[in-house]
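Participant: Numbering (full-length UniProt numbering), first residue to last: 1 to 572.
All residues carry an ideal CB built from backbone N, CA and C; glycine is no exception.
1. Leaving out five residues before and five after residue 124 in sequence, what residues of the same chain have Cβ atoms less than 6 Å from its Cβ?
2. Taking contact to mean at least 3 C-beta pairs separated by less than 8 Å, is the stretch 384 to 391 in contact with the stretch 333 to 348?
3. Check whether the Cβ atoms of residue 161 and residue 241 lie closer than 8 Å to each other.
4. If you draw a straight line from the alpha carbon of residue 325 to that of residue 482, how long is it in whole angstroms?
5. Excluding the 5 residues flanking residue 530 on each side, which residues of the same chain have their C-beta closer than 8 Å to its C-beta?
6. For the alpha helix (DSSP H) containing residue 349, name the first residue and the last one.
7. Taking residue 149 as part of the alpha helix (DSSP H), name the residues at either end of that continuous run.
8. For the beta strand (DSSP E) holding residue 312, just list the boundary residues, first then last.
9. Is it buried or exposed for residue 554, if we count other Cβ within 10 angstroms and need 16 for buried?
10. For residue 237, which residues does DSSP report across the bridge?
11. Are the CB atoms of residue 217 and residue 423 within a distance shorter than 8 Å?
12. Can you list, in chain order, the residues of its chain with a C-beta nearer than 6 Å to that of residue 34? Leave out the 5 residues immediately preceding and following it.
13. Straight-line CA distance for residue 545 to residue 316?
14. Where residue 313 and residue 537 are concerned, what is the direct C-alpha to C-alpha distance, given to the nearest angstrom?
15. In the DSSP output, which residue or residues are listed as bridge partners for residue 426?
16. Between which residues of its own chain and residue 379 is the CB-CB distance below 6 Å, once the five residues before and five after are set aside?
17. Please report how far the alpha carbon of residue 65 lies from the alpha carbon of residue 329, in whole angstroms.
18. So residue 309 and residue 11 are in contact, right, with Cβ under 8 Å, and what is the actual spacing, rounded?
19. Is residue 549 helix, strand or coil by DSSP?
20. My understanding is that residue 203 touches residue 176, with C-beta atoms under 8 Å, so please give their C-beta distance in whole angstroms.
21. State buried or exposed for residue 409, treating a residue as buried only when at least 16 other CB atoms are found within 10 Å of its CB.
22. Can you find at least 3 beta carbon pairs, one from the stretch 344 to 363 and one from the stretch 211 to 228, that sit closer than 8 Å?
23. Using a Cβ-Cβ cut-off of 7 Å (strictly less than) and excluding sequence neighbours within five positions of residue 562, which residues of its own chain qualify?
24. In this structure, how does DSSP classify residue 462 when only helix, strand and coil are distinguished?
25. Span of the alpha helix (DSSP H) holding residue 208?
26. Given a threshold of 16 other Cβ atoms within 10 Å of its Cβ, counted over all protein chains shown, does residue 46 qualify as buried or as exposed?
27. State the beta-bridge partners of residue 12 as determined by DSSP.
28. Skipping 5 residues on each side, what residues in its chain have a beta carbon closer than 7 Å to that of residue 184?
29. For residue 288 versus residue 67, is the C-beta distance shorter than 8 Å?
30. Go ahead and pull the three-state DSSP assignment for residue 431.
31. On the three-state DSSP scale, how would you describe residue 164?
32. Which residue wins for smallest C-alpha separation from residue 366, given the options 163, 120 and 298?
33. Hey, would you say residue 13 sits closer than 8 Å to residue 31, going by beta carbons?
34. Which of the three DSSP states is assigned to residue 17 in this structure?
35. Spell out a yes or no on whether the stretch 147 to 155 and the stretch 114 to 134 are touching, meaning 3 or more CB-CB pairs, one atom from each, closer than 8 Å.
36. Between residue 401 and residue 548, is the Cβ-Cβ spacing less than 8 Å?
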């Protein structure tokens, strides 16, 4: 696969312009001002300065930068926005109306950090043990990748993974990713192709050809043989898609056929969403909590949508990633969808540093982190005994089907007797989704009877239901108590200075209340409020009825042990 810039083995010198200059030496000297790019020598830095200064001296990096609502002396629009006027998000039809509708879309990327669902060292501690893991509402593959990569190198058991999501675009993308990672011969290229298919709006034309070849091979196999599709020597995949092959074929064809939109049209659509004038307050709200160079990095990603180091070439990224756009060429996600939300930022930065990237180049760090993760995953597909079953069903429908032995024979092997060592249900436990009772009724009976078997849930919206979930809503006495503690620790001035530096004078009514409350929330322990919320949801009775217990100690996802402060609050 001949590319001018193949998958990056480390951070390269930023003096890379086609066709004038292709410097292939590692970039060991970062720009002292922005630290977004690095060079191999002073000569290369000098030669590249006319290009670097555009980003290095961009106003968004200035100490005088302020959010647009401060510059225009008005309250920010997000303080009193309502629901979107109209929204229909489907793969073949993506209609948005009203400025707030740009903030809603399909969830093709995860919005919470990936975790190892087995966490062998804290649980079974047996590298030869078989595992059955159910991702009942999987979203993307981040937890799957993290779980497989978390196993020891000498793991010798059989890993059975049931990966379900009720969004057909999500499931079809997951299928494509597994096929790419398991069938592209070179694991380095397999990882790079998968990385850009997962997260970039564009990729090289050669990558599109390889993606198409892999998917066509899978579809041909599925049509001709009723056996799982091999994605490694001992790894295989089977798929159950709601609506059957005729319906799912539209999705896979969309991935493989040339995009209905040209690369330029796709870029224009992406920019339309990312730079909408009506959403400038929302963008600046994100920027306002970031360091200057991080603002520049986020801005560049929002303009290009490609996961690469800041100074890397993107000339060959000339083919639109159809899987991120609808059949009629519309961007499928919200205007603030960000790949960084799906991973642990500390791990991302650490991986970037290992390959020469500074923490300021956060998407460059993400590139190297994902490259590491996906190369490891691709390698393990070739060695580990893993069975993937992917489905696109409502999670309660899936549980009912397993109970009724709908997929007990043939390629899927999901008998009613199956028991799972881990069941991940994501945020379906929220009352505005499936709810705690319905989720546990459906999946509780499938939990294995062992000391370490666990159901892992994500209560994403509980603070909207439980009044004292946030500090401001907990009452004036709570706010006063936190304020007194901050005064005693001499931290109030730091908080106020941060608010002033990023949001201007604190004399703007609702705006100041909003930001001060956000700051106070950093120091509010809401664990008691969460326990109260669970009791109000009837969790105790539900657990008793189903013979389940609430774990006293988390052994899969640890309790939060420290606050993730905004960058400018690192003095705390």
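Facilitator: On the basis of the supplied data:
1. Numbered from its first residue, the chain shown carries residue 124 at position 124. If the five residues before and after residue 124 are omitted, its C-beta is found closer than 6 Å to the C-beta atoms of 452, all from its own chain and listed in chain order.
2. With the cut-off at 8 Å, the stretch 384 to 391 and the stretch 333 to 348 do not touch.
3. Stepping through the chain shown from its first residue, residue 161 is reached at position 161. Stepping through the chain shown from its first residue, residue 241 is reached at position 241. The Cβ atoms of residue 161 and residue 241 lie no closer than 8 Å to each other.
4. Residue mapping note: residue 325 aligns to position 325 of the chain shown, counting from 1. Residue mapping note: residue 482 aligns to position 482 of the chain shown, counting from 1. Their backbone Cα atoms lie some 46 Å apart in a straight line.
5. Position 530 of the chain shown holds residue 530. Once the five neighbours on either side are set aside, the close Cβ partners of residue 530 are 459, 462, 466 and 469.
6. Walking along the chain shown from the start, residue 349 turns up at place 349. Per DSSP, residue 349 belongs to the alpha helix (DSSP H) from 345 to 354.
7. Working through the chain shown from its first residue, we reach residue 149 at position 149. That run of the alpha helix (DSSP H) goes 142 to 150.
8. Reading the chain shown from its first residue, position 312 is the one you call residue 312. Run containing residue 312: none; DSSP gives neither H nor E here.
9. Along the chain shown, read from residue 1 onward, the residue named residue 554 stands at position 554. So residue 554 ends up on the exposed side.
10. Sequence index remark: in the chain shown, residue 237 carries index 237 (1-based). Assignment of beta-bridge partners to residue 237 by DSSP yields 229 and 388.
11. Here residue 423 refers to the residue found at position 423 when the chain shown is read from its first residue. Here residue 217 refers to the residue found at position 217 when the chain shown is read from its first residue. The answer is no: Cβ separation not under 8 Å.
12. Along the chain shown, one-based indexing puts residue 34 at 34. Same-chain partners within the cutoff: 56 and 293.
13. As a first step, residue 545 must be located in the chain shown, where it is residue number 545. As a first step, residue 316 must be located in the chain shown, where it is residue number 316. About 59 Å.
14. Translated into the one-based positions of the chain shown, residue 313 becomes position 313. Translated into the one-based positions of the chain shown, residue 537 becomes position 537. If you take the alpha carbons of residue 313 and residue 537, they lie about 52 Å apart.
15. Within the chain shown, residue 426 is the residue found at index 426, counting from 1. Beta-bridge partners assigned by DSSP to residue 426: 457.
16. As a working mapping, residue 379 is identified with position 379 in the chain shown. If you ignore the 5 residues before and after residue 379, its C-beta comes within less than 6 Å of the C-beta of 187, all in its own chain and listed in chain order.
17. Here the question's residue 65 lines up with position 65 in the chain shown. Here the question's residue 329 lines up with position 329 in the chain shown. Cα to Cα, residue 65 sits roughly 34 Å from residue 329.
18. One-based indexing of the chain shown puts residue 309 at position 309. One-based indexing of the chain shown puts residue 11 at position 11. The Cβ separation is near 6 Å, so the contact holds.
19. Counting from 1 along the chain shown, the entry for residue 549 is found at position 549. Shown here, residue 549 sits in coil according to DSSP, grouped into three states, outside any helix or strand.
20. Walking along the chain shown from the start, residue 203 turns up at place 203. Walking along the chain shown from the start, residue 176 turns up at place 176. Taking C-beta atoms under 8 Å as the contact rule, residue 203 and residue 176 fail to qualify, at a distance of about 13 Å.
21. The residue labelled residue 409 in the question sits at position 409 within the chain shown. Taking a 10 Å sphere around the C-beta of residue 409, we find fewer than 16 other C-beta atoms and assign the residue as exposed.
22. No, because fewer than three Cβ pairs between the stretch 344 to 363 and the stretch 211 to 228 fall closer than 8 Å, the two stretches do not touch.
23. Position 562 of the chain shown, counted from the start, is the residue given in the question as residue 562. With a pLDDT of only 45 at residue 562, under 50, the local geometry of the prediction cannot be trusted, and the value read off the model is given with reservation. So no residue of the chain qualifies.
24. Numbered from its first residue, the chain shown carries residue 462 at position 462. In the structure shown, residue 462 falls within a helical segment according to DSSP collapsed to helix, strand and coil.
25. For this step, residue 208 is matched to residue 208 along the chain shown. For residue 208, the enclosing alpha helix (DSSP H) covers residues 205 to 224.
26. One-based indexing of the chain shown puts residue 46 at position 46. Label assigned to residue 46: exposed.
27. As a first step, residue 12 is located in the chain shown; it is residue number 12 there, counting from the start. DSSP output for residue 12 lists 26 as bridge partner(s).
28. Here the question's residue 184 lines up with position 184 in the chain shown. Within its own chain, the residues whose Cβ lies closer than 7 Å to the Cβ of residue 184, once the five positions on either side in sequence are excluded, are 190, 193, 210 and 214, listed in chain order.
29. As a position in the chain shown, residue 288 is number 288, starting the count at 1. As a position in the chain shown, residue 67 is number 67, starting the count at 1. Taking 8 Å as the cut-off, the Cβ atoms of residue 288 and residue 67 count as close.
30. For the purposes of this step, residue 431 is taken as the residue at position 431 of the chain shown. Reduced to three states, the DSSP call for residue 431 is coil.
31. Looking up residue 164 in the chain shown gives position 164. If DSSP states are grouped into helix, strand and coil, residue 164 belongs with the strands.
32. Start at 1 with the first residue of the chain shown, and residue 366 comes out as number 366. Ranking the options by Cα distance to residue 366, first place goes to 298.
33. Mapped onto the chain shown, residue 13 falls at position 13. Mapped onto the chain shown, residue 31 falls at position 31. No, the Cβ-Cβ distance between residue 13 and residue 31 is not below 8 Å.
34. Translated into positions along the chain shown, residue 17 becomes position 17. In the structure shown, the three-state DSSP call for residue 17 is strand.
35. As far as the Cβ criterion goes, the stretch 147 to 155 touches the stretch 114 to 134, which means the pair count is three or higher.
36. As a working mapping, residue 401 is identified with position 401 in the chain shown. As a working mapping, residue 548 is identified with position 548 in the chain shown. No, the Cβ-Cβ distance between residue 401 and residue 548 is not below 8 Å.
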